[in-house]
Amino acid sequence: MPKPSSTSPARAGRRYLIRFAVAMACYVVLLPICLALLPRVPTGVGRYLLVLVPVIPLGVVGWAVRRLLIETDELQRRIQLEALAVGFAAGSVITFAYGMLERAGAPTLSWLYVWPVYAVCWLIGSAIARYRYR
Amino acid sequence: MKNRLRELRADRDWTQSDLATRLDVSRQTVNALEKGRYDPSLPLAFKIAATFGLRIEQIFDPED
């Protein structure tokens, strides 16, 4: 009985979870540090660069998702593409709708809420796609 | 699409994980194939046929 290779699609999910977890751990650590340091940084480019540091691990998450789509098998690739399609569509409708609500007087929210909305929609899309191919 | 994957796998005493390893796909993919919830691509269909030593049409039935 052959053993799965370390680069096999069967293990792509595990590799993705490790990459995702490391990137999110970096994000969780860096975000409060950068926000705590912000008052100490004088106005100028330095402040902008400081607050962009937590964005780097989010870029790594995007890279991890791309690697997952390349390394995984055809069904898992289809599931993730369907999940991303649902997530993008639902996230776009929700964020656009709230943008319109703000014009009508709803409380103004920070752009920082946009990513969590898309992330939740992506998770829901992933659950729907997995259920479809269960 | 109907198929004989589960029957052929059972004849050889393979688990879904065993077949997944031989096909280089995830166990979930094997499960979805066996239940007919997913039809394989042509390359994967040829790989499945080669794994069982059969022709594609001896494994998959296009009649729903």
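Chains as they are written, first to last, in full-length UniProt numbering: chain A, 1 to 134; chain B, 1 to 64.
Cβ coordinates follow ideal geometry from the N, Cα and C atoms, glycine included.
These numbers were taken from a predicted model, which means no experiment stands behind them.
Between A45 (chain B) and F60 (chain B) the beta-carbon gap is near 7 Å, inside 8 Å, which marks them as a contact. At a beta-carbon threshold of 7 Å, none of the residues of chain B lie near S110 (chain A); the nearest stands roughly 38 Å away. When the beta-carbon positions are compared, T72 (chain A) and A12 (chain A) come within less than 8 Å of each other. Within the UniProt domain "HTH cro/C1-type" (5-59) of chain B, those residues whose Cβ lies closer than 9 Å to any Cβ of chain A are, in chain order, W14, S17, D18, A20, T21, R22, L23, D24, V25, S26, R27, Q28, T29, N31, A32, L33, K35, R37, Y38, P40, S41, P43 and L44. If you look at G62 (chain A), you'll find it in the alpha helix (DSSP H) that goes V55 to E71. The residue from A:V28, A:G44 and A:W122 with its alpha-carbon nearest to that of L58 (chain A) is A:V28.
In this structure, T29 (chain B) lies away from L84 (chain A), with their beta-carbon atoms at least 8 Å apart. When B:F52, B:P62 and B:S26 are compared, the shortest CA-CA separation from R134 (chain A) is found for B:S26.
In summary, the residues of the segment 113-134 of chain A whose CB is separated from some CB of chain B by less than 9 Å are R130, R132, Y133 and R134, in the order they occur in the chain. Here the segment 23-38 of chain A makes contact with the segment 48-65 of chain A; the two share three or more CB pairs at distances below 8 Å. At a cut-off of 8 Å, the C-beta of L75 (chain A) has a neighbouring C-beta in chain B. Counting along the chain, P32 (chain A) sits inside the alpha helix (DSSP H) bounded by residues A12 to L37.
Cβ-Cβ distances below 6 Å link T108 (chain A) to E102 in the same chain, with the five nearest sequence neighbours on each side left out; the list follows chain order.
Interface criterion met: the Cβ of G13 (chain A) is under 8 Å from a Cβ in chain B.
Within chain B, the residues D24, V25 and S26 have their CB atoms less than 7 Å from the CB of P9 (chain A), given in chain order.
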